[in-house]
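One structure is given here, and the rest of the page talks about it.
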């Protein structure tokens, strides 16, 4: 008798409006549990994630749990809680919002200084005009170009490609 494997955990983080909820919704094969609430301050949108988003993906006999974090600093305690035991981290930044890159870097440093987790940076909104390209974002974050991927978070093929790149990175770091 084979015991079921524990699900793997993937965390998606980044500033408000980077596409975290959308990315989780795009990848999830089940309805996403979202903890959206009306924004209590001006964040550029009506509602925001206040605890986490949760979805699931089944990959070749293995369940993957997808957790999207809140983007506001006041919910930073959730970043660490959600990243504990994670297989990997996807940090999303909106390619048309370079003013948010500093905050994204702070989120990345906060998480990786506490929990050593393989990560990729996803540059969303690549379908929009006047967005930063992944190579430019890699320079900004001082990362190798292969660690930064451009995508449209609503595109399932692009979301799966980013996930595959993260899994390759994770396997390489464990080898």
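In this note's numbering, the protein residues as written are 160 to 334.
Beta carbons are placed, not taken as given, at the ideal position from N, Cα and C, and that holds for glycine.
Under 9 Å between C-beta atoms of residue 291 and residue 254:
yes
### Query
Is it true that the CB of residue 181 sits closer than 9 Å to the CB of residue 312?
yes
For this session: Could you tell me how far apart the beta carbons of residue 217 and residue 167 are, in whole angstroms, since I believe they sit closer than 8 Å?
Result: Contact doesn't hold; Cβ gap of about 11 Å is too wide.
* **Rounded Cβ spacing between residue 247 and residue 277 (contact assumed at less than 8 Å)** => 5 Å
Discussion item. Rounded to the nearest angstrom, what separates residue 283 and residue 177 at their Cα positions?
Written reply: 7 Å
Exercise. Would you say residue 307 and residue 226 are within 9 Å of each other, going by their C-beta atoms?
Worked result: no
> DSSP puts residue 193 in a beta bridge; with which residues?
Replying inline: Bridge partners of residue 193: 212.
Exercise for review: Kindly identify the DSSP beta-bridge partner or partners of residue 169.
Suggested key: 225, 247
Other residues of its chain near residue 317: CB distance less than 6 Å, five sequence neighbours each side excluded: 310, 311
Q. Using the beta-carbon count (16 or more within 10 Å), is residue 236 buried or exposed?
A. exposed
Cβ pair residue 213, residue 238 closer than 9 Å: No, Cβ-Cβ distance for residue 213 and residue 238 is not below 9 Å.
How about residue 324 and residue 186: do their beta carbons lie closer than 9 Å?
-> Remark: C-beta atoms of residue 324 and residue 186 do not approach each other more closely than 9 Å.
By the three-class DSSP mapping on this structure, what secondary structure does residue 156 have?
Residue 156 is absent from the structure shown; the chain starts at 160 and stops at 334.
### Query
Got a sec: does the ligand NAD put a non-hydrogen atom nearer than 8 Å to the Cβ of residue 217?
Ligands displayed in this structure: none; no statement on the ligand NAD is therefore possible.
Margin query: Between residue 188 and residue 215, how many whole angstroms is the CB-CB distance? I'm expecting something under 8 Å.
Written below: 6 Å
Are the beta-carbon atoms belonging to residue 321 and residue 249 less than 9 Å from one another?
yes
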